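Each step along the sequence shown adds one to the number in my numbering, with nothing skipped, and position 691 is 692. Quick reminder that beta carbons are idealized off the backbone N, C-alpha and C, glycines included. All of these numbers come straight from a predicted model, not from anything done at the bench. Please read the structure below before turning to the comments.
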Amino acid sequence: MGKVYYVSKNVGIGILVLAATALATIIGLSVAYNKERARGRGGPGDEGGSAAPPTTPSTPKDPWDRYRLPGALVPISYNVTLWPRLEPDARGVYVFTGRSAVVFRCVEETDLVIIHCNKLNLTRQGGQLAALRGLGATAAPATRRSWLVEKTDYLVLQLRSRLAAGASYLLQTEFTGELADDLEGFYRSEYVEDGVRKVVATSQMQATYARKTFPCFDEPAMKAVFNVTIVHSRDTVALSNGRETDSSLSVIDGSAVKVTTFEPTERMSTYLLAFIVSDFAYIQSNQSKPLIRIWAQKKAISGRQGDYALRVTGPILQFYERYYNTSYPLSKSDQVALPDFNAGAMENWGLVTYRETALLYDPVLSSTGNKERIATVISHELAHMWFGNLVTLRWWNDLWLNEGFASYVEYLGADYAEPSWSIKDHIVLYDMQKVFAVDALASSHPLTRREDEVNSPAEISEMFNTISYSKGAAVLRMLSEFLSEPVFARGLSSYLNTFAFGNTEYTDLWNHLQRAAESTPGLQLPHSVHDIMNRWTLQMGFPVVTINTTTGRVTQKHFLLDPESVVERPSQFKYTWFVPVKWMKTGVEQQQYWLLQNTDTHGPMRASGEDWVLANTNMSGYFRVNYDQGNWDRLLALLHASHQTLSVINRAQIIDDAFNLARAKIISTSLALRTTTYLSQERDYIPWESALRSLDYYILMLDRTEVYGALQAYLKKQIVPLFEYFRSITADWTKVPAGHNDQYNQINAIGMACRMGVEDCRDLTRTWFRLWMQSPAHNPIHPNLKSTVYCSAIAFGGVAEWDFAWEMYRNATLASEASRLRAAMACTKAPWLLNRYLEYSLDPTKIRKQDATSTIQYIARNVVGMPLAWNFVRARWSYIFQQYGRGSFSFSNLIPGITRRFSTEFELQELKKFREDNLHVGFGSGTLALEQAIEKTTVNMKWVTENKAEVLRWLAEEAT
């Protein structure tokens, strides 16, 4: 792609004045909607015909057959006016109409104008699909022909002569689009308020949906200034990225409307543009700059559900201003809770959009977990206001830099807002241990992929995965640890100030961090930041570091869950990393050690007698650790004798590392199981959560086998002391534990105790739920415990409990309460109820489209529901893919979510046949996930075959 040119905002606005007269008639725009788009297509050799130009699928020969824009044209500014209709037309279709004028500069002579356009019906102007004119003294060449290319989402103008390099031009389009409920581009969201159906026009442009709203240069490096006007009904309010500058009443085509204009945006990417038309209410901060507002349905705002978000937004913004050493660059920060939204939240610059569950908190009905999610999601999105929005990736192959960074610093921002939560420790559970499981597969991929591997919209959507978010967070945290947080922040500030309003690649960040490191007295790195970090970003996976405390020998090896896997992707670094190892010896922190090769000897790591070594303290590095048997024995003895000698993170690390090392056949399964025998003494959340996640794999693999009874008996023995501990400190369940993490661990205690058959637990949950059923207006269950209690009561109840939950779900006024009930209804053991629920999942009148795929996954988590969900998805794959799978971020989780238990040859063959049978349909953003599901199933099969007998034998011995 060619160099991006731009002019200052004032100059850009001045250029747009030249186009003002051309836009004067925009308010009256009303063109017919044509869903088929057919009459707008033509091609070379056809002045205005109906056929698109032929293409060669395997080798694109023409610029319009390639997914990436040519570099000849660079946008400067847009004038965009949109008029969404919040009532259906005579055919029952919701539409929006609009006009766009984009000013662009030609940086390289060309006779083609290629701009993104998808699912828009363009009004012909002078026989062509768009009107081109020159600016200033430049005349525009006549358009010879124009056409739409469906495969690559392009509007193409072929000109009779070439555009002049250095000259600027104006391209005008008029269009109609469908305001569909597909959660993409400019779309429709609906809800019911006081029995009245309400419609919201809202948007989701990331990653490739701005082109569904207006013709645009829809790539992140194609930054421009946007001047937005929204026409809307008078009883609604319009929002966009900039602050409202004018609002006037008008009558257009007999409709009484309001015309709202907004201040020009800063120079930014198309994927950050946003528009909303609604009758939402808002609350706002007292501070004047930036103006902070929380928007939601009126009943949510009047119910004070936006108060918590408003309370934490200001402090988090202030934290980032200090952290980045850069002021928030906009005049306002609107945050909006939407009834229908596919992603969790979206960092549109100045107009951040959220699922209702990620922004709204009821102080009476919401749980501690709901509050933490709101704080961390807000922190994540506000981190993007600088890292991602102010400075933006050049292309989507570096997406991890945006999302990994925000996923790391979200913990810092949330910790500032809620310092008593110790939330920074949670990155170990929610990101590091989570992504280890994916990055240990042979089908994983590097953080930074080659540009030619990420082209189509489906390939771009596929990048929004656990690797980009969680591995990105983990390696940046590691980088911050070995540089130190002040050095990291100083380099970051330099990077942001240097590239403000521009685009970068990951190497630009390394450059600025290297300068910060070089200017720090006493900081010595074994190699440059580039050389160290490239090994973590340009090759997939991570190492297991093995320490022999008898000899001091230290080795590293690429860690794979299936050691017999063939690593198909070659690595220029031969799967060797520069590994920063923080460690302690018998409780005393030691000097950081760098492992720079596959094998080394580090004398201080020798240990004998009662001494022990623990590496990767507080899991500061992105790697697993193995030891000689003697050191393992000493660490396990320490856990039994004095487990609090080790931090909660390192207790969690020992368990998680051991279970995964055993799965990779590096240590024995019995050694992994031994790490859990001390748990009857453990009361802290992080080690327990780590253990339960590790043990969940055993449950998934064995709950359909003869081993499950013995496993259940063992886990019951381990969980009962924790259950009784919380019964005691809560005065027989009448109080709430004081600590944030203790509240989480109480949930674990009740959930696991009920699941493992502790009768007191099941009686407790049944009693609470029956009391609620008897008095639906008075729920006696504490919000923290609702998810666990609902699931348990429905699992061990019948149709009455299920139908009651469904009724409560349908009438829920708080999104997080509806979400809890939706998950809990999947816990029933009645197959007919689960099959009915599966049918509900694809009915948007019962389950919102945003929740369809996650509902199916909830059902598949249930051992009874798994085969039902699998058969359901196979039978309806074509429909599910068409309705829910095209570009959806969450869709890629569907197949892995359903197949988590797959561990037999029969299931593997079914999975492969599913792939073969649906090649003609496609898998979209789930393509890589499907391959990983096949690999995981193969790994699971081997594990069950090799370990089932050993697990049963160990459990039998432990029971005696």
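Extent of the continuous alpha helix (DSSP H) to which residue i belongs
| i | result |
| --- | --- |
| Q933 | 928-960 |
| W148 | Careful: W148 lies outside any alpha helix (DSSP H), inside the beta strand (DSSP E) at 144-150. |
| W296 | Premise fails: W296 lies in the beta strand (DSSP E), 292-297, not in any alpha helix (DSSP H). |
| F483 | 473-484 |
| P221 | Run containing P221: none; DSSP gives neither H nor E here. |
| T237 | It is not in any alpha helix (DSSP H) - T237 carries neither H nor E in the DSSP assignment. |
| W422 | Counting along the chain, W422 falls outside any alpha helix (DSSP H), and DSSP gives it neither H nor E. |
| Q434 | 434-440 |
| R198 | Element bounds for R198: not the alpha helix (DSSP H) but the beta strand (DSSP E), 197-205. |
| V790 | 787-796 |
| G898 | 895-899 |
| S1047 | Absent from the structure is residue 1047, since the part of the chain shown begins at 2 and ends at 961. |
| Q775 | 760-775 |
Element boundaries [beta strand (DSSP E), containing residue i]
| i | result |
| --- | --- |
| T111 | 111-117 |
| S190 | 186-194 |
| A257 | 256-263 |
| I231 | 226-234 |
| L160 | 155-164 |
| R877 | First-last for R877: undefined, no H or E at that position. |
| N549 | 544-549 |
| V75 | 74-85 |
| Q173 | 169-179 |
| L123 | 121-123 |
CB-CB length for residue i against residue j, believed under 8 Å
| i | j | result |
| --- | --- | --- |
| D697 | V649 | Actually they do not touch by this definition, with Cβ atoms about 19 Å apart. |
| L123 | L130 | 4 Å |
| N403 | L394 | 6 Å |
| C1 | L133 | The structure shown does not extend to residue 1, since the chain is modelled only from 2 through 961, so no value can be given for it. |
| S445 | M541 | 4 Å |
| I424 | D432 | About 12 Å; that fails the 8 Å criterion. |
| A711 | A957 | 6 Å |
Three-state secondary structure (DSSP) of residue i
| i | result |
| --- | --- |
| N749 | helix |
| K736 | coil |
| F907 | helix |
| E590 | strand |
| W65 | helix |
| Y95 | coil |
| T854 | helix |
| K333 | strand |
| S251 | strand |
| G135 | strand |
| K717 | helix |
| S279 | strand |
| A819 | helix |
| E404 | helix |
| E267 | coil |
| R450 | coil |
| A102 | strand |
| M585 | strand |
| Q525 | coil |
Buried versus exposed call for residue i [16 or more other C-beta atoms within 10 Å across all chains shown]
| i | result |
| --- | --- |
| G925 | buried |
| A692 | buried |
| P1 | Because residue 1 is not part of the residues shown, which for the chain are 2 to 961, the question remains open. |
| L772 | exposed |
| V271 | This sequence places Thr at residue 271; Val is not what is there. T271 comes out buried. |
| K787 | buried |
| R374 | buried |
| S520 | exposed |
| A796 | buried |
| W397 | buried |
| Y880 | exposed |
| F105 | buried |
(request) Kindly provide the ranges of any alpha helix (DSSP H) runs that are 4 or more residues long and lie completely inside the segment 596-672, ordered along the chain. (result) 630-643, 649-664
(message) If we require 3 or more residues per run, which beta strand (DSSP E) segments fall completely within the segment 317-398?
(response) 333-339, 352-356
(message) Threshold first: 3 residues or longer. Then list the beta strand (DSSP E) segments lying entirely within the segment 552-583, N to C.
(response) The qualifying runs are 554-559, 580-582.
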